[in-house]
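Asker: Below is the structure I would like to discuss, written out as structure tokens.
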Amino acid sequence: MNWKAIFVVYKKELKDQLRDRRTIISTIVIPTVVMPLIMFGFGTVMSKIIRQAQDEGTSVMVVNSAGAPELVKALKADTKFRLVSEAADVKQRIADKKLRVALELPANFDAAIARGETPKVGVLFYDGEIKSGIGAREVESFLQKYRTGILDQRLKERGLPPEFTKPFEMARQNVAPPEKVGGATIGGFIPYLIIILCFSGAMYPAMDLTAGEKERGTMETLMCSPTARINIVFGKFLTVLTASVATIVFSMTSMAVTGSLGGKLFLGGSGMAAASASGKGQAAASMMPSFDPAGFIGVFAMVAPVAILFAALLLTVSLFAKSYKEAQSYAGPMILLAIIPAVFGMLPGMELSAKTALIPILNLSLVCKEMLSGTWNWNYIALIFGSSCLYAVVALVACVKMFNREDVMFRA
Numbered sequence: 034m035n036w037k038a039i040f041v042v043y044k045k046e047l048k049d050q051l052r053d054r055r056t057i058i059s060t061i062v063i064p065t066v067v068m069p070l071i072m073f074g075f076g077t078v079m080s081k082i083i084r085q086a087q088d089e090g091t092s093v094m095v096v097n098s099a100g101a102p103e104l105v106k107a108l109k110a111d112t113k114f115r116l117v118s119e120a121a122d123v124k125q126r127i128a129d130k131k132l133r134v135a136l137e138l139p140a141n142f143d144a145a146i147a148r149g150e151t152p153k154v155g156v157l158f159y160d161g162e163i164k165s166g167i168g169a170r171e172v173e174s175f176l177q178k179y180r181t182g183i184l185d186q187r188l189k190e191r192g193l194p195p196e197f198t199k200p201f202e203m204a205r206q207n208v209a210p211p212e213k214v215g216g217a218t219i220g221g222f223i224p225y226l227i228i229i230l231c232f233s234g235a236m237y238p239a240m241d242l243t244a245g246e247k248e249r250g251t252m253e254t255l256m257c258s259p260t261a262r263i264n265i266v267f268g269k270f271l272t273v274l275t276a277s278v279a280t281i282v283f284s285m286t287s288m289a290v291t292g293s294l295g296g297k298l299f300l301g302g303s304g305m306a307a308a309s310a311s312g313k314g315q316a317a318a319s320m321m322p323s324f325d326p327a328g329f330i331g332v333f334a335m336v337a338p339v340a341i342l343f344a345a346l347l348l349t350v351s352l353f354a355k356s357y358k359e360a361q362s363y364a365g366p367m368i369l370l371a372i373i374p375a376v377f378g379m380l381p382g383m384e385l386s387a388k389t390a391l392i393p394i395l396n397l398s399l400v401c402k403e404m405l406s407g408t409w410n411w412n413y414i415a416l417i418f419g420s421s422c423l424y425a426v427v428a429l430v431a432c433v434k435m436f437n438r439e440d441v442m443f444r445a
């Protein structure tokens, strides 16, 4: 193996790939654009939906409102709610998004309260619809305050202070740093996206450097050159690996810049002072996840062996094809091999263990999610990095062997 000859092949192939529009789009354009759209778009859209839901107010229908005049009066006094006239098809109206929340009361609600009974109140909403969910939480908060008011009145009638039913105060305090929250929010999705981009970044150069050259008739000329075949293989492999690594670098740089500037875009400008003061700007900024900076370096180190694995596998598979179109039919479905384990890594309850640490792609998805949230389990990190390197070496050896098979290189 001659590294000088490898570099000559690598330099030649890299120049050719830089002239290919498909490679530029998959390696630079898509990673640079997708990350800001995902991260900034997620925060912007979610904060806009929440602000819109708060500004519009929650439409509430009270079923059997005639039996609860005091509750209805309290609802009308709260500016967060808009009362809607009763209708028979209340569940259908919620399903059709014509109504956000409904309160289902017994016919004699106020009378039951007066008798000291405990009537059941139903809060109807549409699970999965964001505005309906927000409205349901606001209604539940209102009902808790209303219930506390009734309880205080009962205590007063019996000559007892309100503190009688509150032996202690409870305060909820979040001690998780912002990067932990960010990792828990979309930390599972970011590795999934990086894996897909890493695969797609290697796919087009791999197909072009194998099946594409066969189709153009230049593969035979290249193989007849005086340099050893292994030098040609490694030159092509390094070109594909460069495209894959470049995709990772651009995507992670874009993600880091977007994450660091996100909060400033929401709260940094003087025009946001009023929104920040009202709490809405702060809520918007909280929608922009932040990550542990060291996590980016860790993720890059863990993805590198997988990039080698993808580059070697795609070169091997594409080599079987006689044309670029045929290579697409082979390499295209292979992306499922990356997507399925990555999706499993996003499932709730899926955690790192001795078994999952040995499953390719899945182990990467799980460990990257932990790294982005600031959790470093060095035993699993070493096991995953070592196993990923082993898989990459096996794939690279298989790739070299395929390039040495004449029936594969020049099959009719």
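Residue 371 in the numbering used here is what sits at position 338 of the sequence shown, and the numbering runs on without skipping anything.
Backbone N, C-alpha and C fix where the C-beta goes; we use that ideal spot for every residue, glycine too.
Considering just the uninterrupted stretch of the beta strand (DSSP E) at G155, what are its terminal residues?
Answerer: Residue mapping note: residue 155 aligns to position 122 of the sequence shown, counting from 1. Element bounds for G155: G155 to L157.
Asker: Hey, quick one: how far does the beta strand (DSSP E) through M34 stretch, first residue to last?
Answerer: Taking the sequence shown and counting its residues from 1, one reaches residue 34 at position 1. Premise fails: M34 is in no beta strand (DSSP E) and is neither H nor E.
Asker: Applying the 10 Å Cβ sphere with the 16-neighbour rule, what's the burial state of I330?
Answerer: For the purposes of this step, residue 330 is taken as residue 297 along the sequence shown, with counting starting at 1. I330 is exposed by the Cβ-count criterion.
Asker: Which residues does DSSP pair with E137 in a beta bridge?
Answerer: Position 104 of the sequence shown, counted from the start, is the residue given in the question as residue 137. Note: E137 sits in a beta bridge opposite V96 and G155.
Asker: Please say whether T272 and K132 have beta carbons closer to each other than 8 Å?
Answerer: Position 99 of the sequence shown holds residue 132. Position 239 of the sequence shown holds residue 272. It is Leu, not Lys, that sits at residue 132 in the sequence shown. No; because the gap between Cβ atoms is not below 8 Å, this pair is not in contact.
Asker: With H, G and I counted as helix, E and B as strand and the rest as coil, what does DSSP make of R249?
Answerer: Residue mapping note: residue 249 aligns to position 216 of the sequence shown, counting from 1. Here R249 sits in helix by DSSP.
Asker: Among A375, V93 and M435, which one has its Cα closest to the Cα of S165?
Answerer: Sequence index remark: in the sequence shown, residue 165 carries index 132 (1-based). Checked all of A375, V93 and M435; the closest Cα to S165 is V93.
Asker: Leaving aside the five residues before and after T389 along the sequence, list all residues of the same chain whose C-beta is less than 7 Å from its C-beta, in chain order.
Answerer: What you label residue 389 is simply residue 356 of the sequence shown in a count that begins at 1. Result list for T389: L395, N396 and L399, in chain order.
Asker: Run through DSSP, which three-state label would P91 get?
Answerer: Stepping through the sequence shown from its first residue, residue 91 is reached at position 58. Going by the sequence as given, residue 91 is Thr instead of Pro. Here T91 sits in strand by DSSP.
Asker: Measuring CB atoms only, is the region 255-268 touching the region 67-75, in the sense that at least three cross pairs come out at less than 8 Å?
Answerer: Result no; under three Cβ-Cβ pairs closer than 8 Å.
Asker: Measuring only the C-alpha atoms, how far is E171 from A110?
Answerer: As a working mapping, residue 171 is identified with position 138 in the sequence shown. As a working mapping, residue 110 is identified with position 77 in the sequence shown. For E171 and A110, the distance between alpha carbons rounds to 14 Å.
Asker: Pull up the CB-CB distance for G192 and A140, whole angstroms please, since I reckon it's below 8 Å.
Answerer: The sequence position of residue 192 within the sequence shown is 159, counting from 1. The sequence position of residue 140 within the sequence shown is 107, counting from 1. Not a contact, Cβ separation roughly 32 Å.
Asker: So is M203 buried or exposed if we call it buried at 16+ other beta carbons inside 10 Å?
Answerer: As a first step, residue 203 is located in the sequence shown; it is residue number 170 there, counting from the start. Under this definition M203 is an exposed residue.
Asker: Can you list, in chain order, the residues of its chain with a C-beta nearer than 7 Å to that of P238? Leave out the 5 residues immediately preceding and following it.
Answerer: The residue labelled residue 238 in the question sits at position 205 within the sequence shown. Closer than 7 Å at Cβ, skipping near neighbours: Q50, T56, T272, V273 and A276.
Asker: Under three-state DSSP, which class holds R191?
Answerer: The count along the sequence shown starts at 1 and reaches residue 191 at position 158. Three-state DSSP puts R191 in coil, outside helix and strand.
Asker: Quick one: residues in its chain with C-beta nearer than 6 Å to the C-beta of R155, no 5 flanking neighbours on either side, listed in chain order?
Answerer: By 1-based counting over the sequence shown, the position of residue 155 is 122. Per the sequence shown, the amino acid found at residue 155 is Gly instead of Arg. The answer, listed in chain order, is E137.
Asker: I'd like to confirm the pairing. Which residues does DSSP put opposite L255 in its beta bridges?
Answerer: The residue labelled residue 255 in the question sits at position 222 within the sequence shown. Answer by DSSP bridge pairing: none, since L255 is not bridged.
Asker: Sort out for me which residues DSSP pairs R115 with in a bridge.
Answerer: Along the sequence shown, one-based indexing puts residue 115 at 82. Bridge partners of R115: S92.
Asker: What number of angstroms, rounded off, separates the C-alpha of F283 from the C-alpha of S118?
Answerer: In the sequence shown, residue 283 corresponds to position 250, counting from 1. In the sequence shown, residue 118 corresponds to position 85, counting from 1. So the two alpha carbons sit approximately 55 Å from each other.
Asker: Using a Cβ-Cβ cutoff of less than 6 Å, which residues in the same chain neighbour I281 once the five nearest sequence positions on both sides are dropped?
Answerer: Here residue 281 corresponds to residue number 248 of the sequence shown, with the count starting at 1. Contacts found: C231 and V336.
Asker: Let me check understanding here. Comparing Cα to Cα, which of Y424, S362, D440 and Y363 lies closest to I392?
Answerer: Residue 392 sits at position 359 when you count from the first residue of the sequence shown. Measuring from the Cα of I392, the nearest candidate turns out to be Y424.
Asker: List the endpoints of the continuous alpha helix (DSSP H) containing I417.
Answerer: What you label residue 417 is simply residue 384 of the sequence shown in a count that begins at 1. Residues W411 to F436.
Asker: According to the Cβ coordinates, are M442 and M252 closer than 8 Å?
Answerer: In the sequence shown, counting from the first residue as 1, residue 442 sits at position 409. In the sequence shown, counting from the first residue as 1, residue 252 sits at position 219. In contact: M442 and M252 (Cβ atoms closer than 8 Å).
Asker: According to the Cβ coordinates, are R134 and V96 closer than 8 Å?
Answerer: For the purposes of this step, residue 134 is taken as residue 101 along the sequence shown, with counting starting at 1. For the purposes of this step, residue 96 is taken as residue 63 along the sequence shown, with counting starting at 1. Note on residue identity: the sequence assigns Val, not Arg, to residue 134. Contact: no.
Asker: By the three-class DSSP mapping on this structure, what secondary structure does E384 have?
Answerer: Within the sequence shown, residue 384 is the residue found at index 351, counting from 1. If DSSP states are grouped into helix, strand and coil, E384 belongs with coil.
Asker: When you compare the CB positions of L3 and F267, do they come within less than 8 Å of one another, or not?
Answerer: No information on residue 3 is available, as it lies outside the stretch 34 to 445 that the chain covers here.
Asker: With respect to the alpha helix (DSSP H) encompassing L108, which residues constitute its N-terminal and C-terminal limits?
Answerer: Counting from one through the sequence shown, the residue named residue 108 turns up at place 75. That run of the alpha helix (DSSP H) goes P102 to A110.
Asker: Assign F201 to one of two classes, buried (16 or more other C-beta atoms within 10 Å of its C-beta) or exposed (fewer than that).
Answerer: If you number the sequence shown from 1, residue 201 lands on position 168. So F201 ends up on the exposed side.
Asker: What whole-angstrom Cβ distance do K130 and E162 have, given they're in contact under 8 Å?
Answerer: Position 97 of the sequence shown, counted from the first residue, corresponds to residue 130. Position 129 of the sequence shown, counted from the first residue, corresponds to residue 162. With a Cβ gap of about 7 Å, K130 and E162 count as contacting.
Asker: Please work out which residues of its chain come closer than 6 Å, Cβ to Cβ, to V41, disregarding the five sequence neighbours upstream and downstream, and give them in chain order.
Answerer: In the sequence shown, the residue the question calls residue 41 occupies position 8. So no residue of the chain qualifies.
Asker: Could you tell me the boundaries of the alpha helix (DSSP H) in which R54 lies?
Answerer: In the sequence shown, the residue the question calls residue 54 occupies position 21. Per DSSP, R54 belongs to the alpha helix (DSSP H) from R54 to I57.
Asker: Could you check whether A364 and M240 sit closer than 8 Å to each other, using their CB atoms as the reference points?
Answerer: Reading the sequence shown from its first residue, position 207 is the one you call residue 240. Reading the sequence shown from its first residue, position 331 is the one you call residue 364. Yes, the Cβ-Cβ distance between M240 and A364 is below 8 Å.
Asker: Where does G314 land, buried or exposed, given buried means 16+ other C-beta within 10 angstroms?
Answerer: Counted from its first residue, the sequence shown places residue 314 at position 281. Any reading at G314 needs caution, since the residue's pLDDT is 45, under 50, leaving its predicted position unreliable; the model's value is listed next. Its Cβ being crowded by 16 or more others within 10 Å, G314 is buried.
Asker: Identify whether S23 lies in helix, strand or coil by the three-state DSSP scheme.
Answerer: For residue 23 there is no data in the structure shown, the boundaries of the chain being 34 and 445.
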